[in-house]
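Novice: This is the structure, below, for whatever I ask next.
Protein chains: 2
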Amino acid sequence: MEQLSKSEIKRNALIKATICLVINNGFHAAPMSKIAKMANVSPGTIYLYFENKQDLINKVYLEIKASFAKHAFKNYDPSMEVREGFENIWKQIADFKLVQVEEALFLSQCDNTPMIDEESKKEGIKHLQPLIDLWKRGQEEGIIKECCHYVLYAYTVYPLAFLMNAKQNKEININKKYIQDAYLLAWDSIKQSK
Amino acid sequence: MEQLSKSEIKRNALIKATICLVINNGFHAAPMSKIAKMANVSPGTIYLYFENKQDLINKVYLEIKASFAKHAFKNYDPSMEVREGFENIWKQIADFKLVQVEEALFLSQCDNTPMIDEESKKEGIKHLQPLIDLWKRGQEEGIIKECCHYVLYAYTVYPLAFLMNAKQNKEININKKYIQDAYLLAWDSIKQSK
DNA sequence: AAAAAATGAATGAACGTTCATTTTTTATAT
DNA sequence: ATATAAAAAATGAACGTTCATTCATTTTTT
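What follows is the structure in structure tokens.
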């Protein structure tokens, strides 16, 4: 077990509380006072760790993005074949969204609203570079369709956000077979057809 | 040109202002006072047309959803063949998102945050029934993959939201060929492979 | 002249943020 | 070990602002 200092514990509690309130109530209904209460901290304490509310939200976003990327590329190695590498990364992303439910919902809220600074958003995208590089390699090898990485992302990774939302609302139930089927759809959409 | 009564004009101006402020600043930074100012109306007047802020947001959402569905199915006829019908609907949806940019961004914000009542969200989904029926028919004919309509939506319609967001941020440029390519990806992902 | 629509100043609640004070931790001396 | 002092961390009441909403009054329509 990692040793966390007292201030690290508090900072983490603040981040956790922010995520929880934002995904359940929305940014507009996640006041600093409630965040403090949920983290068992005084409102003033937040300002020892973050400059202001915007800074808090930006930092939460960037730290989740980093943890997301770490998870996504955990087992990936650029020496892998394109198809294998893509399956590996895609399934790790799906796993992140299944296990780190709240963090994933927070990211999808950030990516679809103006609640994060443009600058932080740009920063967050950089983490996905290995996936973009993989796609480029796949295109050079004639394995992946010749479209920009925005399209490739839109049809492979982005759909997961919709499915996780539906899962959260108990509209669907996601198991291993479900993930496998979804993966095949993702691959079918971007693989170069003969 | 349709004849609009004075109160219809005012109501429309309020809706337009709400959309504009929410997509640019977010719900949390779209106060009633600003909405009123942008619509050239007094703050008190909003309450002649809407019960409160939540009701305003819900109604804007539902009315955009209705207009979205109308556009989506404008040229669709259930007697069409499955592939033809799908292409027709998908391209109309893409067109809506390209032309009614602000409305589409508003919807994507609503669908990824808790800013809309669950009840209104449920109501909004009903509009897509013809597309779900088409998919079911396609599955019976063995043309479309056997997965639930959430997956089919996630891999065909939902990706458009990501692309339109990227377009809005000037990260990509969308033209006719781009739409055609994106359509082919959508179709490739859900069509039953032999 | 009566009715309906619209106004905008007023209201009270809630918000983000600050800062004088208190509590806890760390460093030093006994 | 224990006591003491300095430093750091945390507190929460208070502040000024902004917000959604109301309603007595005015303007417009019938």
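As given, the protein sequences belong to chains E and D, one line each in that order.
Under this note's numbering, the first sequence is numbered contiguously, ending at residue 459.
Under this note's numbering, the second sequence is numbered contiguously, ending at residue 459.
Each residue gets a CB set at the ideal place from its N, CA and C atoms; glycine is no exception.
(1) Contact criterion: CB-CB distance below 8 Å. Does D:G291 meet it with respect to chain E?
(2) Three-state secondary structure (DSSP) at E:K441?
(3) Taking beta-carbon pairs under 7 Å, can you tell me which members of the stretch 348-381 of chain E lie near chain D?
(4) On the DSSP bridge assignment, give the partners of D:I409 in chain order.
(5) Step through the CB atoms of chain E and report whether any lies within less than 8 Å of the CB of D:E436.
(6) Determine the direct distance from the alpha carbon of D:E273 to that of D:M266, and round the result to whole angstroms.
(7) Are the beta-carbon atoms belonging to E:E316 and E:I280 less than 8 Å from one another?
(8) Using a Cβ-Cβ distance cut-off of 8 Å, determine whether D:Y420 contacts chain E.
(9) Give, in chain order, every residue of the stretch 405-432 of chain E whose Cβ lies closer than 8 Å to some Cβ of chain D.
(10) I need the straight-line Cα distance from E:L425 to D:A419, nearest angstrom please.
(11) Since D:I358 contacts D:V416 with CB under 8 Å, what's their CB separation in whole angstroms?
(12) Compare the C-beta of E:I311 against all C-beta atoms of chain D and say whether one is closer than 8 Å.
(13) For the putative contact between D:H392 and D:A334, defined by C-beta atoms under 8 Å, what is the C-beta separation to the nearest angstrom?
(14) Would you call E:S270 buried or exposed, if buried means 16 or more other Cβ atoms sit within 10 Å of its Cβ?
(15) Touching or not, the stretch 290-307 of chain D and the stretch 361-370 of chain D, by the rule of three or more beta carbon pairs under 8 Å?
(16) With distances taken Cα to Cα, identify the nearest neighbour of D:K435 among E:Y443, E:E383, E:Y326, E:V287.
Specialist: This is what the structure holds:
(1) The residue labelled residue 291 of chain D in the question sits at position 26 within the second sequence. Yes, its Cβ sits closer than 8 Å to a Cβ of chain E.
(2) For the purposes of this step, residue 441 of chain E is taken as residue 176 along the first sequence, with counting starting at 1. Three-state DSSP puts E:K441 in a helix.
(3) For chain D, the residues of the stretch 348-381 of chain E that bring a beta carbon within less than 7 Å of one of its beta carbons are S373, Q374, N377, T378, P379, M380, in chain order.
(4) Mapped onto the second sequence, residue 409 of chain D falls at position 144. For D:I409, DSSP records a beta bridge to D:K456.
(5) Here residue 436 of chain D refers to the residue found at position 171 of the second sequence. True, the Cβ-Cβ gap to chain E drops below 8 Å.
(6) Reading the second sequence from its first residue, position 1 is the one you call residue 266 of chain D. Reading the second sequence from its first residue, position 8 is the one you call residue 273 of chain D. In this prediction, D:M266 scores a pLDDT of 49, lower than 50, which makes its location untrustworthy; no coordinate-derived value is stated.
(7) Numbered from its first residue, the first sequence carries residue 316 of chain E at position 51. Numbered from its first residue, the first sequence carries residue 280 of chain E at position 15. Taking the C-beta atoms as reference points, E:I280 is found no nearer than 8 Å to E:E316.
(8) Position 155 of the second sequence, counting from 1, holds the residue named residue 420 of chain D. For D:Y420, the answer is yes, since a Cβ of chain E falls inside 8 Å of its Cβ.
(9) Legend: CB atoms of the stretch 405-432 of chain E lying less than 8 Å from CB atoms of chain D belong to residues K410, C412, C413, Y415, V416, Y418, A419, Y420, Y423, P424, L425, A426, F427, L428, N430, A431.
(10) For the purposes of this step, residue 425 of chain E is identified with residue 160 of the first sequence, where counting begins at 1. For the purposes of this step, residue 419 of chain D is identified with residue 154 of the second sequence, where counting begins at 1. Rounded to the nearest angstrom, the two C-alpha atoms are 7 Å apart.
(11) The count along the second sequence starts at 1 and reaches residue 358 of chain D at position 93. The count along the second sequence starts at 1 and reaches residue 416 of chain D at position 151. Actually they are not in contact, since the Cβ atoms of D:I358 and D:V416 sit about 17 Å apart, beyond 8 Å.
(12) One-based indexing of the first sequence puts residue 311 of chain E at position 46. Not closer than 8 Å to any Cβ of chain D, the Cβ of E:I311 fails to qualify, so no.
(13) Taking the first residue of the second sequence as position 1, residue 392 of chain D is located at position 127. Taking the first residue of the second sequence as position 1, residue 334 of chain D is located at position 69. Cβ atoms of D:H392 and D:A334 come within 8 Å of each other, at about 4 Å.
(14) As a position in the first sequence, residue 270 of chain E is number 5, starting the count at 1. It is exposed - the Cβ of E:S270 has fewer than 16 other Cβ atoms within 10 Å.
(15) no
(16) Residue 435 of chain D sits at position 170 when you count from the first residue of the second sequence. Among E:Y443, E:E383, E:Y326, E:V287, the Cα nearest to that of D:K435 is on E:E383.
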